[in-house]
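**Q**
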Amino acid sequence: MQIETILNNQRVTLEIVPDEMLADTLRRYGLLSVRQGCDTSCCGLCTVWIDGKPTLSCSTLAYRVSGKRVTTIEGVQGEAEEFAQMLVAEGAEQCGFCSPGFILTVLAMKHELKNPTEEQIIHYLTGNLCRCTGYMGQLRAIKKYLGVE
Numbered sequence: 053m054q055i056e057t058i059l060n061n062q063r064v065t066l067e068i069v070p071d072e073m074l075a076d077t078l079r080r081y082g083l084l085s086v087r088q089g090c091d092t093s094c095c096g097l098c099t100v101w102i103d104g105k106p107t108l109s110c111s112t113l114a115y116r117v118s119g120k121r122v123t124t125i126e127g128v129q130g131e132a133e134e135f136a137q138m139l140v141a142e143g144a145e146q147c148g149f150c151s152p153g154f155i156l157t158v159l160a161m162k163h164e165l166k167n168p169t170e171e172q173i174i175h176y177l178t179g180n181l182c183r184c185t186g187y188m189g190q191l192r193a194i195k196k197y198l199g200v201e
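Numbering-wise (my numbering), the sequence shown opens with residue 53 and increments by one.
1. Which whole runs of the alpha helix (DSSP H) in the segment 70-98 are 4 residues long or more, in chain order?
2. Hey, how far is the Cα of Pro106 from the Cα of Thr157?
3. Could you spell out where the alpha helix (DSSP H) holding Pro152 opens and where it closes?
4. I need the straight-line Cα distance from Ala193 to Thr185, nearest angstrom please.
5. I think Ser109 touches Cys98, with their Cβ atoms under 8 Å apart; what is that distance to the nearest whole Å?
6. Leaving out the 5 sequence neighbours to the left and right, which residues in its chain are closer than 6 Å to Glu142 when beta-carbon positions are compared?
7. What is the DSSP secondary structure of Lys120, counted as helix, strand or coil?
8. Is Ile102 near Val86, with beta carbons less than 8 Å apart?
9. Which two residues bound the contiguous alpha helix (DSSP H) that contains Leu181?
10. Just the Cα atoms here: how many angstroms apart are Leu78 and Gly153?
11. Within this structure, are the beta carbons of Ile174 and Met161 separated by less than 8 Å?
12. Taking Tyr197 and Phe135 to be in contact with their CB atoms under 8 Å, please state how far apart those CB atoms are, rounded to whole angstroms.
13. If you follow the alpha helix (DSSP H) that Gln62 is part of, which residue opens it and which one closes it?
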């Protein structure tokens with residue numbers, strides 16, 4: 053089965069099987085930043101944007117993105133690098149396994165929320181798990197990035 057989508061700002065045709073999850077499709081097409089870590093749709097490692105909204109690709113059937121815009125971290129490298137530098141500056145980078153999904157979620161938050169409170173930031177990040185940090189450095193970096201210190 054073939055679907056057409058816009059993947060990282062390029063119109064593409066993807067070959068999929070009817071019950072294939074989007075995370076598997078994207079990885080098969082070489083987008084290895086899309087990771088899976090929990091098998092329960094609750095870790096956020098597989099986060100991508102579908103039409104600009106953060107979405108768990110491990111629980112989204114690939115055929116559902118037909119005609120839609122899909123963005124992985126490879127599609128927003130400039131923005132991602134800017135925020136990643138803030139993570140490093142705050143000592144919040146660790147192994148990096150969760151970083152692509154986490155960063156995509158933060159970038160989506162910047163586009164969606166204006167002047168969020170700390171509580172709103174924490175709520176927005178619910179579902180993005182990092183096994184290496186205590187989240188305080190990440191929270192400092194996010195607040196600096198969003199300009200809400």
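Cβ atoms here follow ideal geometry from the backbone N, Cα and C, with glycine treated the same way.
**A** Taking the definition as stated:
1. 74-80
2. If you take the alpha carbons of Pro106 and Thr157, they lie about 6 Å apart.
3. That run of the alpha helix (DSSP H) goes 151-164.
4. The C-alpha of Thr185 is placed about 13 Å away from the C-alpha of Ala193.
5. Correct: roughly 4 Å between the Cβ atoms.
6. Gly189, Arg192, Ala193
7. coil
8. no
9. Run containing Leu181: none; DSSP gives neither H nor E here.
10. 14 Å
11. no
12. 5 Å
13. Per DSSP, Gln62 belongs to no alpha helix (DSSP H); it is in the beta strand (DSSP E), 62-67.
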